[in-house]
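Q:
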Amino acid sequence: MSVVLPDIPDLGACLRDLWHQVPPGCVTTYGDLAEALGDRIAARWVGQVALRHDHSADCPCHRIVRADGSLGNYATNAERDKARRLRAEGVAVRDGAVDLARHRFARFVGDRPLAALRRFQESLADRASLAPLSAEPKTIGGVDVSYTSDGEGVAAYVVVEPASGDVLWKTIARRPIRFPYITSYLSFRELPLLVELLDEVDRTGHAADVLLVDGSGRLHHRRAGIATHLGVARDRPTIGVTKKLLCGSVDLKGLEPRESRPVLLDGESIGAALRPTAGSRRPIFVSPGHRIDVAGAERVVRDLLCGRRLPEPLYWADRLSRQVARSGRGSAE
DNA sequence: GCGACAG
DNA sequence: ATCTTGTCGC
4 MSVVLPDIPD LGACLRDLWH QVPPGCVTTY GDLAEALGDR IAARWVGQVA LRHDHSADCP
64 CHRIVRADGS LGNYATNAER DKARRLRAEG VAVRDGAVDL ARHRFARFVG DRPLAALRRF
124 QESLADRASL APLSAEPKTI GGVDVSYTSD GEGVAAYVVV EPASGDVLWK TIARRPIRFP
184 YITSYLSFRE LPLLVELLDE VDRTGHAADV LLVDGSGRLH HRRAGIATHL GVARDRPTIG
244 VTKKLLCGSV DLKGLEPRES RPVLLDGESI GAALRPTAGS RRPIFVSPGH RIDVAGAERV
304 VRDLLCGRRL PEPLYWADRL SRQVARSGRG SAE
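Just so you know, we're using my numbering here: the first sequence kicks off at 4 and counts up by one.
1) From the DSSP output, which residues share a beta bridge with Phe288?
2) Work out the CA separation of Ala138 and Phe288 for me, nearest whole Å.
3) Nearest CA to the CA of Arg329: which residue from Arg43, Asp153 and Thr280?
4) Which of the three DSSP states is assigned to Asp202 in this structure?
5) Buried or exposed: Arg55, going by 16 or more other Cβ atoms within 10 Å of its Cβ?
6) Where does His106 land, buried or exposed, given buried means 16+ other C-beta within 10 angstroms?
7) Report the option in Ala91, Ala60, His58 and Val96 whose CA atom is closest to the CA atom of Val68.
8) Is Ser334 helix, strand or coil by DSSP?
9) For Pro63, which three-state DSSP category applies?
10) Run through DSSP, which three-state label would Glu141 get?
11) Rank Leu277, Leu255 and Gly282 by C-alpha distance to the C-alpha of Leu307 and give the top, closest one.
12) Can you round the beta-carbon distance between Cys17 and Pro116 to whole angstroms, since I take them to be within the 8 Å contact cut?
13) What does DSSP give as the partner residue(s) for Arg178 in the beta ladder?
14) Is the beta carbon of Leu258 closer than 8 Å to that of Pro240?
15) Between which residues of its own chain and Glu262 is the CB-CB distance below 7 Å, once the five residues before and five after are set aside?
16) Would you check if the stretch 119-129 and the stretch 287-303 touch, i.e. whether three or more CB-CB distances between them fall below 8 Å?
17) Mind checking which residues open and close the alpha helix (DSSP H) that includes Pro116?
18) What are the boundary residues of the beta strand (DSSP E) that includes Ser263?
19) What are the start and end residues of the alpha helix (DSSP H) that includes Leu14?
20) If you measure between the beta carbons of Lys173 and Ala158, is that distance less than 8 Å?
21) Between the stretch 140-150 and the stretch 195-203, are three or more C-beta pairs nearer than 8 Å?
22) Give the range of the beta strand (DSSP E) segment to which Leu222 is assigned.
23) With DSSP collapsed to three states, give me the class of Ala134.
24) Is the stretch 221-233 in contact with the stretch 125-134, if contact means three or more CB pairs nearer than 8 Å?
25) Please state the DSSP three-state secondary structure of Val96.
26) Return yes when at least one heavy atom of the ligand COA lies under 7 Å from the C-beta of Pro116, else no.
27) Closest to Gly72 by CA distance: which of Cys62, Val94, Ala53 and His58 is it?
28) May I ask which residues mark the beginning and end of the alpha helix (DSSP H) holding Ser324?
29) Indicate whether Gly220 and Thr231 have their beta-carbon atoms separated by less than 8 Å.
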């Protein structure tokens, strides 16, 4: 049963459409715009775009302020002075802040694209299997994405033999990345590239028995991180591995090398924190993507640790993608 | 001081 | 994730 991936919205176009709805004499906030996009968690990205985009002659981005009424950052050009523009439109600025209760615009019209993506994640979580691995994997793949300075993504795939830790095969794929990084929406940024890479891997007959992904699996607000997406999209066992905890809670006190502790969310164990080496106390976080359980995911990753913080397939995929991204044009060699 | 927290 | 100089440590 194939999975239809959702159309990836042009969030930048959606955001500009929204802020152009704010009329002179009114203001909005970074968070309100994010909410109109479908999720307040995008507020920081809204702020980045407002600060760094190309201003059109009639750009209304000076009408975006912080949630407490303070003006927030603005394009550095003095002619685009935020307070002066607001005053010219009849919005009083006192002590560097506006009166939100009086001027806040609250009638955005839009289809809330992030809310639709969230619903897709929720339905995907229901399709993911937590059944244990059926057989001992003979090959383990790892995928990671790096970015070039001009916004292209470079995805690397590496196959490792678990017994020896040897790299058996590797390749890369690259393409422009449009969707921004917004916490908990990583899959919509990197999945198109990873699916393209994985399809090429399948065509050339180099699919591994299990795939490690640099990102969360079930350890996700909607139980559907990028490892879950990739596993369900191509129906194969995947495991998510991160260097930082995305959500949930875990007791790390006294965690010893190669020991693991459950990560809990709403009383459910959705993954494991695993301390990889004696050298560092910083754990990695492992969670099932698809067709594996928490214990199995943790065991697979533990068996691939060779004194580095990351398991071998991800360590090599990270190095390869980063090297190719930094050197501009690249190949698998 | 409070909420968020992957890449 | 990327942008980045020198600096600290094994």
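All C-beta atoms, glycine included, are put in the ideal place defined by N, C-alpha and C.
Nothing here was measured: the structure is a model prediction, and the numbers come from that model.
A: On the basis of the supplied data:
1) Thr245 and Ala276
2) 23 Å
3) Asp153
4) helix
5) A residue is called buried when at least 16 other Cβ atoms come within 10 angstroms of its Cβ; Arg55 does not meet this threshold and is exposed.
6) buried
7) Val96
8) Reliability fails at Ser334, whose pLDDT of 41 lies under 50, so the model's placement of it is uncertain and the value that follows must be treated cautiously. If DSSP states are grouped into helix, strand and coil, Ser334 belongs with coil.
9) coil
10) The sequence shown places Lys at residue 141, rather than the Glu named in the question. Looking at Lys141 - three-state DSSP - the assignment turns out to be coil, as it is neither helix nor strand.
11) Leu277
12) Cys17 to Pro116, Cβ: 6 Å. Contact.
13) Gly156
14) No. Outside cutoff.
15) Arg278
16) no
17) Per DSSP, Pro116 belongs to the alpha helix (DSSP H) from Pro116 to Arg130.
18) Ser263 to Leu268
19) Leu14 -> alpha helix (DSSP H) spans Leu14 to Trp22.
20) no
21) yes
22) Note, Leu222: premise wrong, no beta strand (DSSP E); not H, not E.
23) coil
24) They touch, by the three-pair rule.
25) coil
26) With respect to the ligand COA, the structure offers nothing, as it holds no ligand at all.
27) Taking only the C-alpha atoms, the option nearest Gly72 is Val94.
28) Glu315 to Arg329
29) Cβ distance < 8 Å, so Gly220 and Thr231 count as in contact.
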